[in-house]
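Below: the structure, in structure tokens.
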Amino acid sequence: MSAISAPGSFHIPDRRPTAPPTSRTKSIRLDFVLSLGLLYLAVAVLTYLLSGMAGHGMLERARKAGRDAEVRYRDASRREALVRQRLETIANPGAIEEWALEHGFASPERLAALTFSTTSTIRANTRSSSGAAESAVSSVSPEAVALLESSGVDEHGSTLR
691 MSAISAPGSF
701 HIPDRRPTAP
711 PTSRTKSIRL
721 DFVLSLGLLY
731 LAVAVLTYLL
741 SGMAGHGMLE
751 RARKAGRDAE
761 VRYRDASRRE
771 ALVRQRLETI
781 ANPGAIEEWA
791 LEHGFASPER
801 LAALTFSTTS
811 TIRANTRSSS
821 GAAESAVSSV
831 SPEAVALLES
841 SGVDEHGSTL
851 R
């Protein structure tokens with residue numbers, strides 16, 4: 691056996707026509723563009739979800755702040771009504787006069803009127819007779835006597851000092 695082959699037994703394989711070789715750059719570019727598009731889409735979806743959650747959180751905080759402000763408003767309105775009621779009670783002339791009498795104060799007008807009426811009654815009665823003077827002194831109301839004594843004037847109109 692020899693290393694030479696027999697004539698006609700040598701077979702040359704057929705070469706099939708093939709497409710010209712393409713570079714992988716088109717495929718790589720397409721993969722790169724698709725991966726950037728997917729990355730952009732992922733970032734956009736993530737941003738949308740996070741901003742939605744952040745917006746919801748801010749909305750809830752604003753709603754809670756509004757509710758708290760409403761509670762503070764109702765409380766302030768209630769306290770204002772109480773202050774107004776107390777102020778009306780305090781500013782009532784009858785209440786002021788009652789408090790003044792309880793604490794030994796008298797308005798100058800009332801004090802002058804009581805002093806004038808008491809002294810004029812006493813003077814008129816002392817001119818007529820001594821018995822009438824005693825009845826005039828006893829006819830002065832105990833409130834007037836107490837008021838005059840607390841202000842430093844006795845029932846005859848003289849100063850107590």
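In our numbering, the protein residues as written are 691 to 851. The beta-carbon is built from N, C-alpha and C at its ideal position, and this holds for glycine as well.
| Item | Value |
| --- | --- |
| Local conformation of threonine 708 per DSSP, three classes | coil |
| Reduced DSSP secondary structure (H/G/I, E/B, other) of histidine 746 | helix |
| Inter-residue spacing [alpha-carbon to alpha-carbon] between asparagine 782 and tryptophan 789 | 11 Å |
| Range covered by the alpha helix (DSSP H) that runs through proline 785 | Strictly speaking, residue 785 in this sequence is alanine, with proline absent from that position. Residues 783-792. |
| Beta carbon of threonine 779 nearer than 9 Å to that of alanine 771 | no |
| Rounded separation between valine 723 and glycine 745 - CA only | 32 Å |
| Among Ser725, Glu833, Arg774, Gly742, the one whose alpha carbon lies nearest that of glycine 794 | Glu833 |
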